[in-house]
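Structure record follows, encoded as structure tokens.
2 protein chains.
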Amino acid sequence: MNLPIGELARRTGVKVPTIRFYEQIGLIAAPPRTEGNQRRYGKAEIDRLNFIRHARELGFEVDHIRELLVMSQEPQASCHQADSIAKSHLREVDRRIERLQALRGELSRMIDECGHGRICDCRIIEVLADHRQCVSEHVA
Amino acid sequence: MNLPIGELARRTGVKVPTIRFYEQIGLIAAPPRTEGNQRRYGKAEIDRLNFIRHARELGFEVDHIRELLVMSQEPQASCHQADSIAKSHLREVDRRIERLQALRGELSRMIDECGHGRICDCRIIEVLADHRQCVSEHVA
DNA sequence: CCTTGATCCTCTAGTGGCTAGAGATTCTAG
DNA sequence: CTAGAATCTCTAGCCACTAGAGGATCAAGG
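Structure follows, in structure tokens:
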């Protein structure tokens, strides 16, 4: 082992500046250095960074990842807390999906109704300029 | 008219500091001031801010809003550009929805498989620690 | 006229999660 | 021994705001 930061980056898919940033915010520990002050990492850091990357890919916030990391170090503890973090994150994702879908609907309706003519007849501009019209149609 | 900034905020649903911020980034013009240096707004600003708010609610970026605002001032121009901005935004929203739904699937599978026991048996932690397992199941 | 309290002003700094770049040093292969 | 790749620290920037300090101004009531 004893990997330089670039090699750690290659093996985990986390970019070099991001690794340094994670160290700065305390998400990973400061590793030992060479005489010339360069960071050298071991196997544990690969695992930890992979964990972090997977969690980020799933959209967990850094603070939640912090908690999940602590938990993963305590194998005998109850996983109730992990479950609740994941569940609340799932609810958040559901909310975002719902919101985006509503938005998608409005957007695509707007685009469909655009006659591709002049601005003064354009539904896109019109809807933006006067949302009430859009909403009332929506309700009606 | 001649509204103070708080009244403009109330009528448009855009917060006071946000209005000042929009002025700073040139999204709205600097309005006239009272002798005591306070901003006073007219009807045009209400319309413009409403336009901006609607567009932001639909997730358009500020730079796109800038373009849409310019277009809305040129009623005789073709709305081709507005259409293309809206369409590319729609594609972006679609991408986000897709991504979130894939993510949602992984999250909820992870949660379902959590046995609510100890960390060492927890799928949530396990999946995060070793994504390959998850992916291979996914594929299989 | 004067006070009070709400609103307004400017300015700086913080949010989250990085990313970019300058300018200097260190490592490693040939 | 040298060249060039990789590393170091540090600052600043991204997006779209939001928060707060510390002070000025406005409108209404006494």
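The listed protein sequences derive, respectively, from chains A and B.
When you line the first sequence up against full-length UniProt numbering, it's residues 1 to 140, in that order.
When you line the second sequence up against full-length UniProt numbering, it's residues 1 to 140, in that order.
Using N, Cα and C, we set each Cβ at its ideal position, and we do this for glycine too.
Keep in mind that this is a model prediction, so the values were computed, not measured.
Under the DSSP assignment, G26(A) falls outside any alpha helix (DSSP H); it carries neither an H nor an E label.
8 angstroms or more divides the Cβ of I28(A) from the Cβ of L58(A). The Cβ of M110(B) sits closer than 8 angstroms to at least one Cβ of chain A. Contact note: K15(B) does not reach chain A at a C-beta cutoff of 8 angstroms; the least C-beta distance is about 18 angstroms.
Beta-bridge partners of R33(A) (DSSP): R39(A). For A55(B), the chain A residues whose C-beta falls within less than 8 angstroms of its own C-beta are L128, listed in chain order.
By the neighbour-count criterion, in which a residue is buried when 16 or more other Cβ atoms sit within 10 angstroms of its Cβ, R99(B) is exposed. By the rule that beta-carbons nearer than 8 angstroms mark a contact, H116(B) touches chain A.
Contact holds between the region 31-49 of chain A and the region 5-22 of chain A, because three or more Cβ pairs, one in each stretch, are under 8 angstroms apart.
Under the criterion of beta carbons closer than 8 angstroms, R118(A) and S84(B) do not qualify as touching, at roughly 15 angstroms. A Cβ-Cβ distance of about 40 angstroms is found for the pair V93(B) and L3(A), leaving them out of contact under the 8 angstroms criterion. Residue pairing from DSSP places S78(B) in a beta bridge opposite R118(A).
Listed by position along chain B, the residues whose Cβ is nearer than 8 angstroms to that of S88(A) form an empty set, because the closest Cβ is around 11 angstroms away.
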